[in-house]
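Position one of the sequence shown corresponds to residue 1 (the UniProt record's numbering), numbered consecutively onward.
The C-beta atom is built at its ideal place from N, Cα and C for all residues, glycine as well.
What you are looking at is a predicted structure, and each value in this text was computed from that prediction instead of being measured.
Presented below is the structure to which this report refers.
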Amino acid sequence: MDQEEKLNWDKLLKHIEGNYENDQDAEELNEEELELLLLAEETNMRLKEENPEHKFPVAAGWDELQARYKEKEQLKVVKLNRSKLYRTMAIAAILALVLAPAWWLFLKQNDAVKSSSKGSDEIHLTLANGETVELEASQANVLKSEGATLNGSTLIYQKETSLPKEEGAELQMNVLEVPNGKYTKLELSDGTLVWVNSGSKLSYPTVFSAAKREVMLEGEAYFDVSHNAARPFVVHLKSLNVKVLGTAFSISTFGNVIHTALERGKVSLETGNQSIYLLPGELGKYNKQEKQLSKTESDLRAYTAWKDSDIYFDNSTLEEIASRLQREYNLAFSFENDALKNLHFTIDMPKTQDVSKILNNIKFSSNQVNFMVDGNKVQVKQR
Numbered sequence: 001m002d003q004e005e006k007l008n009w010d011k012l013l014k015h016i017e018g019n020y021e022n023d024q025d026a027e028e029l030n031e032e033e034l035e036l037l038l039l040a041e042e043t044n045m046r047l048k049e050e051n052p053e054h055k056f057p058v059a060a061g062w063d064e065l066q067a068r069y070k071e072k073e074q075l076k077v078v079k080l081n082r083s084k085l086y087r088t089m090a091i092a093a094i095l096a097l098v099l100a101p102a103w104w105l106f107l108k109q110n111d112a113v114k115s116s117s118k119g120s121d122e123i124h125l126t127l128a129n130g131e132t133v134e135l136e137a138s139q140a141n142v143l144k145s146e147g148a149t150l151n152g153s154t155l156i157y158q159k160e161t162s163l164p165k166e167e168g169a170e171l172q173m174n175v176l177e178v179p180n181g182k183y184t185k186l187e188l189s190d191g192t193l194v195w196v197n198s199g200s201k202l203s204y205p206t207v208f209s210a211a212k213r214e215v216m217l218e219g220e221a222y223f224d225v226s227h228n229a230a231r232p233f234v235v236h237l238k239s240l241n242v243k244v245l246g247t248a249f250s251i252s253t254f255g256n257v258i259h260t261a262l263e264r265g266k267v268s269l270e271t272g273n274q275s276i277y278l279l280p281g282e283l284g285k286y287n288k289q290e291k292q293l294s295k296t297e298s299d300l301r302a303y304t305a306w307k308d309s310d311i312y313f314d315n316s317t318l319e320e321i322a323s324r325l326q327r328e329y330n331l332a333f334s335f336e337n338d339a340l341k342n343l344h345f346t347i348d349m350p351k352t353q354d355v356s357k358i359l360n361n362i363k364f365s366s367n368q369v370n371f372m373v374d375g376n377k378v379q380v381k382q383r
């Protein structure tokens, strides 16, 4: 069934304009039409709340949307009477939702809130000499001086050909900082792979010492450590050390609890006079306030899905979901009331560039919550 068969535009507009209430023969909306109706109602509510100067520019917006729609040959071009402003806005609102990303361009051209994916909020690398550069292809010569190359979005360090002979030699440290809304991967000189998530910082030497391999993490990262029994790999956190030989695990230091999720191998968690070992499938926890170590079996995908560009929550609170989306999409969430924070949702979907798809997934799975998006601000409201 093609898009034209799935969506009956006249029927949709009838529901939007409220003309179906006294029509006993009015057709019910199918799933696709109902979804667009809900989105269009939210759209029109936002349009009414906006300053008139910032409302949807119907004439220019419709011309652009109509042109794009014609190019995609999804529907026949509909000639509109622009004097019927409300009807035109309703159609434009529906089509804008179908034809994203034109939507944001015309909804609010003068939006003062700028996305962090633009400007100076890029991934930065601080070199051994203290110089800081953006992680991009134009810095190839600078990266080469550190023994590194950039392959797509992956930073790769030159492989060790032999161990350093001088144990006391000063290490050349690099610091990788990933802002909210970003994500990257690197390959260290020993072959260890590291995925570094949004809002995180990783410090590491360009070449490890002969005795051990040490890095420092703030935030969240996934490690696939190259096995070397003679040189333990240690991840230093502010209040905890994670020691491994060769294994795959994820660490998150966000919040009051440090989580270490072990997928393969064996690791030890050490702090003060406490230490525990983790086996595959186990989740290590360190409570920063109580200063206590513990472990449990857990669904590790909740802690590792981000590495595979998936969004996964299993019966998580909306507050927990918002906290992750806030980092990974550089958003600022606010809740109309605290009760909304405690709503529980399960989500399993590929990560997309458009966070509205995730928010709509949550919205349509419940009749309790709605989202109002303004730039990078998201207001969570009672529905």
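- Under the three-state reduction of DSSP output, Gln-379 falls in the strand class.
- Between the segment 303-311 and the segment 265-280, the count of Cβ pairs shorter than 8 Å is below three; the stretches do not touch.
- In the structure shown, Ser-138 falls within a helical segment according to DSSP collapsed to helix, strand and coil.
- Relative to the Cα of Val-242, the nearest Cα in the group Met-216, Phe-254, Ser-226 belongs to Met-216.
- Leu-340 is the residue among Thr-154, Leu-340, Val-373 whose C-alpha sits nearest the C-alpha of Asn-367.
- Gln-379 places its beta carbon less than 8 Å from that of Ser-334.
- Counting along the chain, the unbroken beta strand (DSSP E) around Ile-156 starts and ends at 154-157.
- Beta-bridge partners assigned by DSSP to Asn-241: His-236, Glu-270.
- Rounded to the nearest angstrom, the gap between the Cα atoms of Asn-197 and Ser-298 is 21 Å.
- The three-state reading of DSSP puts Tyr-303 in helix, counting H, G and I together.
- For Glu-131 and Tyr-277, the gap between their C-alpha atoms comes out near 39 Å.
- Counting C-beta pairs closer than 8 Å gives three or more between the segment 250-261 and the segment 208-226, which meets the contact rule.
- In chain order, Thr-132, Val-175 place their CB closer than 6 Å to the CB of Thr-126, counting only its own chain and leaving out the 5 sequence neighbours on each side.
- If you draw a 10 Å sphere on the C-beta of Pro-205, you find 16 or more other C-beta atoms in it, and that means buried.
- In the structure shown, Asp-190 adopts coil according to DSSP, grouped into three states.
- Under the three-state reduction of DSSP output, Gln-292 falls in the strand class.
- The alpha carbon of Gly-191 has as its nearest neighbour, out of Pro-179, Lys-201, Thr-154, the alpha carbon of Thr-154.
- Nearest C-alpha to Thr-317 among Leu-343, Thr-296, Ala-229, Gln-326: Leu-343.
- Short of 6 Å from the beta carbon of Glu-214, and not among the five residues preceding or following it, lie these beta carbons of its own chain, in chain order: Val-234.
- Membership of Lys-357 in any beta strand (DSSP E) is not indicated; the residue belongs instead to the alpha helix (DSSP H) covering 356-364.
- Residue state for Asp-374 is assigned as strand, using DSSP reduced to three classes.
- Ser-294 has its alpha-carbon roughly 13 Å from the corresponding atom of Leu-279.
- When the Cα atoms are used, Ile-358 and Ala-261 turn out to be separated by approximately 25 Å.
- Per DSSP, Glu-319 lies in no beta strand (DSSP E) segment; the continuous alpha helix (DSSP H) that holds it begins and ends at 318-328.
- The beta-carbon distance between Lys-185 and Leu-193, rounded to whole angstroms, is 7 Å. This is short enough to meet the 8 Å contact definition.
- According to the DSSP secondary-structure assignment, Glu-297 is paired through a beta bridge with Glu-282.
- Taken atom to atom, the span from the alpha-carbon of Thr-149 to that of Phe-364 is near 44 Å.
- In terms of Cβ geometry, Gly-199 and Asn-180 form a close pair [threshold 8 Å].
- Excluding the 5 residues flanking it on each side, Val-355 has same chain C-beta neighbours closer than 6 Å at Tyr-329, in chain order.
- Relative to the Cα of Thr-161, the nearest Cα in the group Leu-171, Val-207, Lys-201, Lys-144 belongs to Val-207.
- Selection Gln-292, Glu-177, Ile-321 evaluated against Tyr-303 yields Ile-321 as nearest (Cα-Cα).
- The beta carbon of Tyr-286 is closer than 6 Å to those of Leu-240, Ile-258, Leu-293 in its chain, skipping five residues each way along the sequence.
- Bridge pairing for Tyr-204: Asn-174 [DSSP].
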